[in-house]
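As structure tokens, the structure follows; a few thoughts come after it.
Residue numbers (the working numbering), protein chains in the order written: chain A, 10 to 512; chain B, 8 to 321.
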């Protein structure tokens, strides 16, 4: 194999007492796709931020084509031919595709070089099959297209090494295939690619070699990912064996939630069109679909945040009339919202306050219009213990907790009240294998206790493992419902793109 | 009634609109640059007052009008830099700092003016800018004398509008300004310095606010009084919203406001005497409120307006 395009040697980076990276070595050759694996907090992002110039390492060196390089800013990294596609896109939605490409590019005689930009874009599109309309505002692009723009942006700046931070997290299965073929084409033309992920099947399908990080150190390297089992890689990541939770057969009981012909107006996002579904006690129903096909509206209606224009909903046999969060909660619904930080809890308040927020007015936490701080604190302490939520204490600012611990806290606050139905959106987004495993176990335990659970998710593998039935949403409708025994990623994928009608 | 209309719609009326619109156009463009970069500058009212004072003082001491303009512009840039230091570099609240800058600048203007000129029964005045007819163009009927027989600063304002649009939409720097106002992280990862770009935009804005102040004390009133700005800075902030953060629309908004203002001045003078003059004075502001209420429904502010940028934050 040819000399490495980029080599990181002995990179160490500490934040206070925490060593985020310790003596990490990593190299990428031209034409190579390197998988960078690790759980959350393993130091992947820190390492890439060092490479991209956002952090200065405490020790270690970076070599670019054998030459030591000093990278202290993203401008340095760009000049050195390193491009990064962040997990959260760095695009300005109201500017056009071309303007987003030309930012930071010197102009021609004082003007933006539009003609030059268009020519360069056309060339990149041709080379890698990445087509984009230069004059559309970014807000008009789909998530997949925005990601394509981010990749083009890096190539536009002459990147020879492309870093992609969990690029598939936001994509539908069909889009993932497109991304992978573009990445393979780029590698074939001599680019180096670092692919960060914790989805092992993707890493095995795409990468040539893997470096696995654990607790900031290199836990191991995999030279032949395609012929290495996921279990072996998961073990490297976690340091111990991971057994997927077993879903015991169960006999669903009575209907705990029913939606009949629910439609909403197009208030924000995709509207629901005549959605009917039912969940029985002791059953987990998955809602699959490419994000933006009405899942948010569905979650909002079920959680009582938004009233539908038509249709009726019953919880445990009782009709929901007013559609307020308090009403559906009183009827026995628990909810874990999609975005932990914005709709889940109040990041600037103590964790304990967030944990009682949905039930702040109940007798358990307030009396005569005054809060009962001791009861609130005791409740939080109890849950922290029961769910092993890692935090300094109940009065810690909620925003300071890690994603996995926040999700545990949100789960605890609902499960403590024994809901008849639980609706969760993206329950394990951004969580590592260990934390996700814990959340899954809790769902299965609730299922065994006779709770009906709706899981809205984009990770089909996860839904297939967890759910008894999976309904697929497409353009605000239920495109089909499959028993998970009959479902496969391929079939669900077809439904998700609207290719298959009611099945 | 027709006599009233005749009195209103004439060359003098058109000329008055242009004259009233000029300081508003400078101020609005200045505020627009600052806000496009993501920095609300509530210091505008005070900055205009201070610049009106320093420009006037420089001219009355040196006798040179253009030196006065230069001093006013430099004052505006300095105050812009002060606001940028607080809000961009230190990342403090733009509202609080802006009001602070206005209070500080106004206080400083009063203080320095008293210190330099003392208390005089007749306020000192200067021989301000004179109108400069542009050959040929000023001979166009109606439009000629109204638009092309004006102060040089008016011509500069007219040229500033397309220039601002060019800079904002056609130059790499303008793209950087728009980008740091929409998504500073995107600009940062493209190697554009967010701090520097915002700093520059706020300072450019301050320079334009300086021109607005200079126009008031050196062309329009030829004297400095404490009421020389009287809310024009605040109006400019509204006009930026009304103009949807676009140079052309912002200038149009300034023109529209000036039209209503000129109209009410004429109406005051036109013998609709039984109505108290205060009622007319309210007109432009009522217009602003109504226009804002209607227009701001669709107006979309730069996404990163009011948000300080710190690199390490997520």
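We put the beta carbon where it would ideally sit given N, CA and C, even for glycine.
Note that this is a predicted model, so its numbers are computed, not measured.
Which of the three DSSP states is assigned to residue i in this structure?
i                      : result
residue 162 of chain A : helix
residue 330 of chain A : coil
residue 213 of chain B : helix
residue 483 of chain A : strand
residue 186 of chain A : helix
residue 268 of chain B : helix
residue 158 of chain B : coil
residue 358 of chain A : coil
residue 314 of chain B : coil
residue 64 of chain B  : helix
residue 492 of chain A : strand
residue 511 of chain A : Per-residue confidence for residue 511 of chain A stands at a pLDDT of 48, beneath the threshold of 50, marking its modelled position as unreliable; the derived number appears in the next sentence. Three-state DSSP puts residue 511 of chain A in coil, outside helix and strand.
residue 10 of chain A  : Interpretation of residue 10 of chain A is limited by its pLDDT of 49, a score under 50 that renders its predicted location unreliable; the figure taken from the coordinates is listed afterwards. Note: residue 10 of chain A maps to coil in three-state DSSP.
residue 300 of chain A : coil
residue 500 of chain A : helix
residue 385 of chain A : helix
residue 139 of chain B : strand
residue 204 of chain B : helix
residue 141 of chain A : coil
residue 320 of chain B : Legend: pLDDT at residue 320 of chain B = 46, less than 50; position of this residue unreliable, no value from coordinates given.
residue 105 of chain A : strand
residue 259 of chain A : coil
residue 2 of chain B   : Lying outside 8 to 321, the shown extent of chain B, residue 2 of chain B is not represented and no answer is given.
residue 112 of chain B : helix
residue 132 of chain B : strand
For the beta strand (DSSP E) that contains residue i, what are its first and last residues?
i                      : result
residue 243 of chain B : Segment 239 to 249 is the alpha helix (DSSP H) holding residue 243 of chain B; no beta strand (DSSP E) there.
residue 125 of chain B : No beta strand (DSSP E) contains residue 125 of chain B, which DSSP labels as neither H nor E.
residue 377 of chain A : No beta strand (DSSP E) holds residue 377 of chain A; DSSP gives it neither H nor E.
residue 405 of chain A : Residue 405 of chain A -> no beta strand (DSSP E), and no H or E assigned at all.
residue 323 of chain A : 319 to 324
Who are residue i's beta bridge partners in DSSP?
i                      : result
residue 202 of chain A : A:42, A:171
residue 114 of chain A : The partner list for residue 114 of chain A (beta bridge, DSSP) is empty, contrary to what the question assumes.
residue 275 of chain A : The partner list for residue 275 of chain A (beta bridge, DSSP) is empty, contrary to what the question assumes.
residue 430 of chain A : A:342, A:461
residue 288 of chain A : A:266
residue 92 of chain A  : A:171
residue 478 of chain A : A:294, A:492
residue 177 of chain A : The partner list for residue 177 of chain A (beta bridge, DSSP) is empty, contrary to what the question assumes.
residue 146 of chain A : A:105
residue 120 of chain A : A:117
How far does the alpha helix (DSSP H) with residue i in it extend, from its first residue to its last?
i                      : result
residue 284 of chain B : 284 to 302
residue 230 of chain A : Unbroken run through residue 230 of chain A is the beta strand (DSSP E), 226 to 231; no alpha helix (DSSP H).
residue 182 of chain B : 179 to 189
residue 147 of chain B : Residue 147 of chain B -> no alpha helix (DSSP H), and no H or E assigned at all.
residue 221 of chain A : Note, residue 221 of chain A: premise wrong, no alpha helix (DSSP H); beta strand (DSSP E) at 218 to 223.
residue 25 of chain B  : 18 to 43
residue 197 of chain B : Neither: residue 197 of chain B is in no alpha helix (DSSP H) and is coded neither H nor E.
residue 416 of chain A : 412 to 424
residue 400 of chain A : No alpha helix (DSSP H) holds residue 400 of chain A; DSSP gives it neither H nor E.
residue 315 of chain A : That residue, residue 315 of chain A, is in no alpha helix (DSSP H); it is neither H nor E in DSSP.
residue 82 of chain B  : 72 to 91
residue 282 of chain A : Segment: none, residue 282 of chain A is in no alpha helix (DSSP H) and carries neither H nor E.
residue 210 of chain A : 209 to 215
residue 243 of chain A : 239 to 247
Is residue i near the ligand FAD, going by C-beta to nearest heavy atom under 7 Å?
i                     : result
residue 27 of chain A : The ligand FAD is not part of the structure shown, which contains no ligands of any sort.
Using a C-beta cutoff of 8 Å, does residue i count as contacting chain E?
i                     : result
residue 99 of chain A : Absent from the structure: chain E. Protein chains present are A and B.
Using Cβ-Cβ distances below 7 Å, what residues of the region 180 to 201 of chain B are close to chain A? 182, 183, 185, 186, 189, 190, 192, 193, 194, 195, 196, 197, 198, 199
Near-chain B residues of the region 115 to 144 of chain A - C-beta to any C-beta below 8 Å
115, 116, 119, 120, 121
Report task. Can you give me, in chain order, the residues of the region 75 to 97 of chain A that have a beta carbon less than 9 Å from any beta carbon in chain B? Result -> 82, 83, 84, 85, 86, 87, 88, 93, 95, 97
Taking any Cβ of chain A, which residues in the region 163 to 178 of chain B have a Cβ under 7 Å from it, in chain order?
-> 177, 178
task = Note down, one range per segment and in chain order, each beta strand (DSSP E) of at least 3 residues found wholly within the region 13 to 90 of chain A.
result = 15 to 24, 27 to 37, 42 to 47, 68 to 73, 76 to 78
Q: Return the residues of the region 103 to 114 of chain A that lie within a Cβ-Cβ distance of less than 8 Å from chain B, sorted by chain order.
A: 103, 104, 108, 109, 111, 112, 113, 114
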